[in-house]
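Q:
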Amino acid sequence: MTVARRSILITAAAMAGAPVLGGVVQAPVLSSPAHADGTDIDLGEWLRIPSLSDDFTAPIDPSRWRRGLWYPTSGVGAFRDENADVSRDNLRLHARREPYGGKDYTFGAVESVFDTPGVRSYVEVRAKALTTAANVLSAIWLQSSTLEGTDTLMTHPNPEIDVQETFKDHAMSMATHLWPAGGGHIAHGGREYASRLDVSQDYHMYGVERRDGRIRFYWDRHLAWDLPAPDPSLWRMSRHVVLSLEGHRGRPVDSRLPATFDIDYVHTYCLDTRTPSPERWIRIIDPATGLCLTRTGEGVVLAEDRDDDSAIWILDRQDDLTCVLTGPEGGVLGLEHKDGGSGTSVRAVAGAPTGPDSQGSRQRWHCLEAGGGFQLLSKLSGLPLVVSQGRPVLGWDSSGDPHPWRLEAA
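Take the sequence shown: its position 393, counting from 1, is numbered 393 in the UniProt record's numbering, and each next residue is one higher.
See the structure below:
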């Protein structure tokens, strides 16, 4: 995508139906407030993932966070790297009255380098919004850029989940969007969850759970909105965590600046799916044909067991509960195409990255029990590895009928 999110927001607004007055994104007029006769989230069945979390007890680590966003300005403010720092065990995003980048104000923002999974994940941010009296919007959201500082998002259709945007002083404002490659914007609408208190008066926990085709938002761990994902990518694709100050409320109140948006922590959890676990040295077999997932000179194919190492895979569980599958010679099972969309072929490349960032997500797999076997879902896209026309490729939405693979000890 090459059109700045800020520019689209001015024309389409942040949520479906939001009017625009004088170039300012206005809070949407909603048919009803959010209502959820639900329960608090029970984190007893979830595991916190250290590589995808941060308690901000040390200076900003550039291997984990990138200062600034893929668009340079938001409303009357410009993003400045110096406006994001860590002090007193908080990430602090500053809003200041100062000229910079052709704007009269500067804002702080960061995007995570680490890549939080979809499929079975919960991301929670404990934060204190910048004082609403300053009229600067505090935002907690999920989206993934290329992290190059250019106006480009990473993976079509670029789903965005807005967990909290302080359009209203007394509400948690949530929304979902798509930003398809090649331009365009699809706003699926939003919802507000009312608070008796001004949200900037204290710290609150803002959470989003994604699994089983649904998105669930939480305010202080109480269910605020439960909805079927308007597009499957919204619940299954991995995303970066974005924390930012935005100019969507209009001109700031100078007498209330400088001020900060304070983030105590970002915690990512995954549903505990560790048991039962397959063996470490395995063959991956298509039950319908009895053929093995095999590395060849022509790529990864289905073939009869050759009684050699080409059909053997070493399964290594990662701390986010996904798996890396590597041949004894070092070839790592991953995706041919960067987006990991339906029909994407798989390959095995020696030395391919397997870390907690988006590059590593292309070589990581959710390995989940299903249909008497194990379903393999790409961490990047959440799509299942299936057999189509005799070839191993990524299939369609993983909420459909699973394609179980037999994982047998080698």
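C-beta: ideal position from N, C-alpha, C; glycine also.
Using only the alpha-carbon positions, how far apart do R67 and G108 sit?
A: Approximately 8 Å between the Cα atoms of the pair.
Q: Just the Cα atoms here: how many angstroms apart are E408 and L293?
A: C-alpha separation (whole angstroms): 12 Å.
Q: So that I know if they touch, is there some Cβ in chain B lying closer than 9 Å to that of Y71?
A: No chain B appears in the structure shown, which is made up of a single protein chain.
Q: Go to W235, then tell me how far its alpha helix (DSSP H) extends in each direction, as first and last residue.
A: Taken as a continuous stretch (DSSP letters only), the alpha helix (DSSP H) holding W235 covers 233-236.
Q: Go through its chain and collect everything with a Cβ distance to S112's Cβ below 7 Å, but skip five positions before and after it.
A: Counting only Cβ-Cβ distances below 7 Å, and skipping sequence neighbours, we find R64, W65, H240, V241.
Q: List the endpoints of the continuous alpha helix (DSSP H) containing S310.
A: It is not in any alpha helix (DSSP H) - S310 carries neither H nor E in the DSSP assignment.
Q: Under the three-state reduction of DSSP, which class applies to E82: helix, strand or coil?
A: Three-state result, E82: helix.
Q: Using only the alpha-carbon positions, how far apart do P72 and F79 sit?
A: Going by the C-alpha atoms only, they are around 6 Å apart.
Q: If we count the other Cβ atoms within 10 Å of its Cβ and call it buried at 16 or more, is L197 buried or exposed?
A: Exposed: under 16 other Cβ atoms inside 10 Å.
Q: What is the DSSP secondary structure of P392, counted as helix, strand or coil?
A: In this structure, P392 counts as strand in the three-state DSSP scheme.
Q: Which residue wins for smallest C-alpha separation from V163, given the options T106, A224, F114, W405?
A: Of T106, A224, F114, W405, the residue nearest in Cα terms is A224.
Q: Does the Cβ of V29 have 16 or more other Cβ atoms within 10 Å, making it buried, or fewer, making it exposed?
A: Low confidence applies here, because V29 scores a pLDDT of 37, under 50, leaving its location unreliable; read the following figure in that light. Flag for V29 reads exposed.
Q: For G382, tell me which candidate among S358, S388, G373 has the shortest Cα-Cα distance.
A: Answer by Cα proximity: S358.
Q: Which runs of the alpha helix (DSSP H) fall wholly inside the region 194-246 and span at least 4 residues, in chain order?
A: Entirely contained in the region 194-246, the alpha helix (DSSP H) runs reaching 4 residues are, in chain order, 233-236.
Q: Bridge partners of P159, per DSSP?
A: In the DSSP output, where bridge partners are listed per residue, P159 has L178.
Q: Going by beta carbon distance, what residues of the same chain come within less than 6 Å of P159, once the five residues before and after it are set aside?
A: These residues qualify, in order along the chain: L178, S233, L234, M237.
Q: Taking the straight line between their C-alpha atoms, what separation do you get for A95 and R364?
A: About 38 Å.
Q: If you drop the 5 nearest sequence neighbours on each side, which residues of the same chain put their C-beta closer than 7 Å to that of A134?
A: Cβ neighbours of A134 beyond the five flanking positions: A95, P252, V253, R256, L257, A259.
Q: How many Å lie between T322 and C367 at the Cα?
A: Those two C-alpha atoms are separated by around 7 Å.
Q: Assign Q375 to one of two classes, buried (16 or more other C-beta atoms within 10 Å of its C-beta) or exposed (fewer than that).
A: When all chains shown are included, Q375 counts as buried.
Q: Can the beta-carbon of R221 be found closer than 9 Å to that of D40?
A: Closer than 9 Å, so yes.
Q: Got a sec, what are the start and stop residues for the beta strand (DSSP E) G360 sits in?
A: No beta strand (DSSP E) holds G360; the alpha helix (DSSP H) holding it covers 358-361.
Q: Is it the case that the region 195-214 contacts the region 123-134, given that we only count it when at least three CB pairs across the two stretches are under 8 Å?
A: Yes, the region 123-134 is in contact with the region 195-214.
Q: For V300, which residues in the same chain have their Cβ closer than 8 Å to its Cβ, ignoring the five residues on either side in sequence?
A: Taken in chain order, the residues that qualify are L293, T294, L333, S345, V346, R347, A348, P392.
Q: Can you list, in chain order, the residues of its chain with a C-beta nearer than 7 Å to that of A229? Leave out the 5 residues immediately preceding and following it.
A: So the list reads G213, R214, I215, W235, once near-sequence residues are dropped.
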